[in-house]
Amino acid sequence: MTMPSHAGTLSFFNDLHPPKSRFQDDVLEGLSRPQKSIPPKHFYDARGSALFDDITDTEDYYVTRTELGILDAIAGEIAAKAGSGAVVIEPGSGSSVKIDKLLNALDRAAAYIGLDISKEHLISACEDLAARYDGLSVGAICADFTQPVPLEDLPIPDGKRLVFFPGSTIGNFEPGGAKALLETIRGWLRPGDALLIGADRVKSADILENAYDDASGVTAAFNLNLLTRINRELNGTIETDAFDHKAVWTSDAARVEMHLVAKRDTEFSVSGQTFRMSAGETIHTENSHKFSIERFTALAASAGLVVKQDWSDARGYFTLYWLERA
Numbered sequence: 002m003t004m005p006s007h008a009g010t011l012s013f014f015n016d017l018h019p020p021k022s023r024f025q026d027d028v029l030e031g032l033s034r035p036q037k038s039i040p041p042k043h044f045y046d047a048r049g050s051a052l053f054d055d056i057t058d059t060e061d062y063y064v065t066r067t068e069l070g071i072l073d074a075i076a077g078e079i080a081a082k083a084g085s086g087a088v089v090i091e092p093g094s095g096s097s098v099k100i101d102k103l104l105n106a107l108d109r110a111a112a113y114i115g116l117d118i119s120k121e122h123l124i125s126a127c128e129d130l131a132a133r134y135d136g137l138s139v140g141a142i143c144a145d146f147t148q149p150v151p152l153e154d155l156p157i158p159d160g161k162r163l164v165f166f167p168g169s170t171i172g173n174f175e176p177g178g179a180k181a182l183l184e185t186i187r188g189w190l191r192p193g194d195a196l197l198i199g200a201d202r203v204k205s206a207d208i209l210e211n212a213y214d215d216a217s218g219v220t221a222a223f224n225l226n227l228l229t230r231i232n233r234e235l236n237g238t239i240e241t242d243a244f245d246h247k248a249v250w251t252s253d254a255a256r257v258e259m260h261l262v263a264k265r266d267t268e269f270s271v272s273g274q275t276f277r278m279s280a281g282e283t284i285h286t287e288n289s290h291k292f293s294i295e296r297f298t299a300l301a302a303s304a305g306l307v308v309k310q311d312w313s314d315a316r317g318y319f320t321l322y323w324l325e326r327a
């Protein structure tokens with residue numbers, strides 16, 4: 002039986018023992034490719050996470066404040082669609098500001114389930130939320146949500162499930178990975194359950210590039226911090242001042258690419274392996290795919306989901322979608 006939370010305690014915690022981070026393997030493999038690359042999930046050491054929070058406050062990065070504005074505007078509609086006693090499931094357990102807006106909008110949510118690969122971050126975030134919402138059943142599942150997670154075997158409370166996946170995180174996946182993730186989430190939904198997901202929209206190149214290369218230099222520091230992490234954790238000898246941050250909109254792929262560009266010829270080692278880069282050569286660190294409503298609707302359909310409703314801001318910068326099983 003799942004009991005309500007009190008004073009920051011969790012109703013349940015299940016550790017599915019996701020594989021440990023492949024940081025070293027991913028870095029060595031990525032730096033050995035003709036187009037060097039490192040997966041963006043490795044941005045988020047403590048410093049990287051703090052810098053990302055700072056990015057969301059910059060004037061150029063419109064994504065977070067635009068999504069929050071939409072959530073404010075549609076709070077009543079979300080409450081009506083979710084009904085009373087919803088069970089909120091959040092893969093990623095991210096922004097407390099966003100989940101607070103959702104929980105405050107809902108009519109007496111029955112439970113919140115956080116799901117994240119980082120056990121320490123997950124427990125901390127869920128305990129903080131439990132402390133803020135006395136009487137709300139709060140559970141935590143340590144798992145890699147990009148892989149199948151058997152919710153049917155876990156103590157999920159009864160009630161209509163509302164999966165919450167904000168922030169356009171879906172855009173950080175390549176098309177095949179985005180479809181696979183939506184298929185995984187579809188498997189968590191029963192008839193009548195829903196997914197509330199945010200996706201950034203295609204817009205002019207200057208707006209997009211400025212969002213990922215802000216005038217205050219926070220995103221540049223965020224990108225370059227990846228090299229600092231490599232030096233610290235993988236015995237690297239990278240001269241960080243030999244690299245510049247670059248963000249470029251690629252219209253054919255409908256994505257913003259982030260790169261670290263070598264300013265000069267440079268040689269360095271990581272975990273005992275030596276790498277050389279010529280001036281102008283790059284390390285590709287992130288893609289942020291952008292979607293028209295039509296393209297996102299097609300992506301959802303390919304994963305067996307149907308868009309029941311969508312909401313956008315007045316400028317058409319960002320859209321929240323309410324999806325259900327097709």
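In terms of the working numbering, the sequence shown is numbered consecutively and its last residue is 327.
Cβ coordinates follow ideal geometry from the N, Cα and C atoms, glycine included.
Note that the structure is predicted; figures quoted are calculated from it, not measured.
| Item | Value |
| --- | --- |
| Which class does T59 belong to by DSSP, given the choice of helix, strand or coil? | coil |
| Output needed for L11: all residues of its chain with C-beta closer than 8 Å, excluding positions within five of it in sequence on either side, in chain order. | I124, C127, E128, A131, V139, G140, A141 |
| Which of the three DSSP states is assigned to M2 in this structure? | Low local confidence applies: a pLDDT of 38 at M2 is under 50, so the model's placement there is unreliable, and no value is given. |
| Pull up the CB-CB distance for T185 and P149, whole angstroms please, since I reckon it's below 8 Å. | 6 Å |
| Between the C-alpha atoms of D73 and T170, what's the straight-line distance to the nearest angstrom? | 20 Å |
| Sort R296, K264, T275 by Cα distance to G281 and report the nearest one. | K264 |
| From P19 to H43, what does the alpha carbon distance come to, in whole angstroms? | 16 Å |
| Given a threshold of 16 other Cβ atoms within 10 Å of its Cβ, counted over all protein chains shown, does K309 qualify as buried or as exposed? | exposed |
| Using 10 angstroms around the beta-carbon of V88, count the other beta-carbons present and answer buried if the total reaches 16, otherwise exposed. | buried |
| Starting from Y322, follow its DSSP beta bridges and name the residues at the other end. | I198, D311 |
| Could you check which residue in H122, I100, G237 has the C-alpha nearest to that of A51? | H122 |
| For the beta strand (DSSP E) containing A106, name the first residue and the last one. | Counting along the chain, A106 falls outside any beta strand (DSSP E), though it belongs to the alpha helix (DSSP H) covering 97-106. |
| On the DSSP bridge list, what partners appear for A141? | F14, G115 |
| Taking G70 as the reference, which of A327, Y322, D314, L324 has the closest Cα? | D314 |
| Using only alpha-carbon positions, find the residue among D214, G172, F319, W323 that is nearest to E68. | F319 |
| In or out: W323 buried (at least 16 other Cβ within 10 Å) or exposed? | buried |
| Below 8 Å, how does it come out for the segment 177-184 and the segment 103-123: are there three or more Cβ pairs, yes or no? | no |
| Near E287, what residues of its chain come up, given a Cβ to Cβ distance below 6 Å and the 5 sequence neighbours on each side ignored? | P41, M259 |
| Tell me the rounded alpha-carbon separation between K37 and G31. | 5 Å |
| Once the 5 residues before and after S217 are set aside, which same chain residues still bring their CB inside 7 Å of it? | T59 |
| Let's test the definition: count the other Cβ atoms within 10 Å of the Cβ of I208 and tell me whether it reaches 16, buried, or not, exposed. | exposed |
| Considering Cα atoms alone, identify which of R233, V307, S303 is closest to F24. | R233 |
| Given a cut-off of 7 Å, decide if Y62 and A255 are closer than it, judged by their beta-carbon atoms. | no |
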